[in-house]
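Reading through the structure tokens given below for one structure.
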Amino acid sequence: MENPYWLALANPELGYLTRIAAFTALFAGLSKAVEWVVASARPEGGVSSALAALSDPSKEGKARSGAQAASTVLSMVHALGTSAASIWTVQALLRGGAAADPEAVARLWSWALAYSQGYFIADGIYNALSEHGETWVLWHHAWMTLAHHPIGALSRGCMLMGCGDCSLAVWLSATGYLSEISTVFLNIRWFQHRWLRQHSIWYTINMILVLVTYPLARVIIPVPFILAGSLWPRWAEYQKQGLGSLVVFTSVTYSALTLMSMYFLYTLVNRGLHRALTLRPCADKGD
Numbered sequence: 001m002e003n004p005y006w007l008a009l010a011n012p013e014l015g016y017l018t019r020i021a022a023f024t025a026l027f028a029g030l031s032k033a034v035e036w037v038v039a040s041a042r043p044e045g046g047v048s049s050a051l052a053a054l055s056d057p058s059k060e061g062k063a064r065s066g067a068q069a070a071s072t073v074l075s076m077v078h079a080l081g082t083s084a085a086s087i088w089t090v091q092a093l094l095r096g097g098a099a100a101d102p103e104a105v106a107r108l109w110s111w112a113l114a115y116s117q118g119y120f121i122a123d124g125i126y127n128a129l130s131e132h133g134e135t136w137v138l139w140h141h142a143w144m145t146l147a148h149h150p151i152g153a154l155s156r157g158c159m160l161m162g163c164g165d166c167s168l169a170v171w172l173s174a175t176g177y178l179s180e181i182s183t184v185f186l187n188i189r190w191f192q193h194r195w196l197r198q199h200s201i202w203y204t205i206n207m208i209l210v211l212v213t214y215p216l217a218r219v220i221i222p223v224p225f226i227l228a229g230s231l232w233p234r235w236a237e238y239q240k241q242g243l244g245s246l247v248v249f250t251s252v253t254y255s256a257l258t259l260m261s262m263y264f265l266y267t268l269v270n271r272g273l274h275r276a277l278t279l280r281p282c283a284d285k286g287d
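Under full-length UniProt numbering, the first residue of the sequence shown is numbered 1, with each subsequent residue one higher.
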């Protein structure tokens, strides 16, 4: 059986690539717009002060930087879109039967993956060029683009990734994207750190949602549910088709991401649950 990654290079789907390019341009434009608006804001009261609080000190001098705010806004827009798409896709596949047309589900998920890759490419480039960029973000975005890209190619790539069953490939991809639900609450937490001057019950509520959705979506679902429940039982089938390397690649990367997620979860709670649920306002609010 053909390798889906080689097929994506040798015989790309132009419509799929066009959608990715369009979303990349959309996210790139949004990032520059947010960066400019935040960096230009002044703490003069009202909306301007709220925007100024999202800025960071620039390494180049006295000017403020809106780079981190731009990256967070992009992350939120991406997380909201992919969370909604993954929830709809997973529930449609779970219902099955006449209620879920496999082709319609695959088409919607192909659009969701194009949207997601547009974000990963735009934010990856933005991070590489930004003074506040982080290397791990580049690695994460590159892996996500590589791992999920063939599934959005509906002519052949999706079937190959699912070992002849496109719905299986969509299922493996969409369940993984449920992790973006926790990203929504993590981004809300970032905004709360910038805007709240003192602790609020809303901070505690949001942190409870973080501590529920983060381990569920990023630790429990990936290895026990996706790998052990859906992928590993089909090892012999993938191996027979010459695609055993896909199982190994997916297993290694999901396991690595799970370990990183476990470490981040530890950093959230290592000082105690009360500390995790209580806001300590940031000293630098852009004043």
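Even glycine gets a Cβ: it sits at the ideal position worked out from N, Cα and C. Quantities reported herein were computed from a predicted structural model and do not represent experimental measurements.
| Asked | Found |
| --- | --- |
| First through last residue of the alpha helix (DSSP H) which encompasses residue 58 | Here residue 58 belongs to no alpha helix (DSSP H), and DSSP marks it neither H nor E. |
| Range of the contiguous alpha helix (DSSP H) that encloses residue 192 | 180-195 |
| C-beta atoms of residue 54 and residue 66 nearer than 8 Å | yes |
| 6 Å CB neighbourhood of residue 117 in its chain, flanking five on each side removed | 20, 145 |
| Residue 65, DSSP secondary structure in three states | strand |
| Span separating the alpha-carbon of residue 265 from that of residue 207 | 12 Å |
| Straight-line gap, residue 76 to residue 133 (C-alpha atoms, nearest Å) | 17 Å |
| The segment 190-203 contacting the segment 99-111, beta-carbon criterion three pairs below 8 Å | no |
| Residue 53 (DSSP reduced to helix, strand or coil) | coil |
| First and last residue of the uninterrupted alpha helix (DSSP H) at residue 117 | 102-129 |
| Residue 233 versus residue 169 - alpha carbon distance | 14 Å |
| Among 33, 199, 177, the one whose alpha carbon lies nearest that of residue 90 | 177 |
| Start and end residues, alpha helix (DSSP H) containing residue 149 | Careful: residue 149 lies outside any alpha helix (DSSP H) and carries neither H nor E. |
| Residue 277 vs residue 250 beta-carbon contact at 8 Å | no |
| Buried versus exposed, by CB contacts within 10 Å (16 or more), residue 11 | exposed |
| Contacts around residue 24, its chain only, beta-carbon distance under 6 Å, and the 5 residues preceding and following it disregarded | 118, 121, 122 |
| Pick from 42, 267, 51 that is closest to residue 195, judged by C-alpha positions | 51 |
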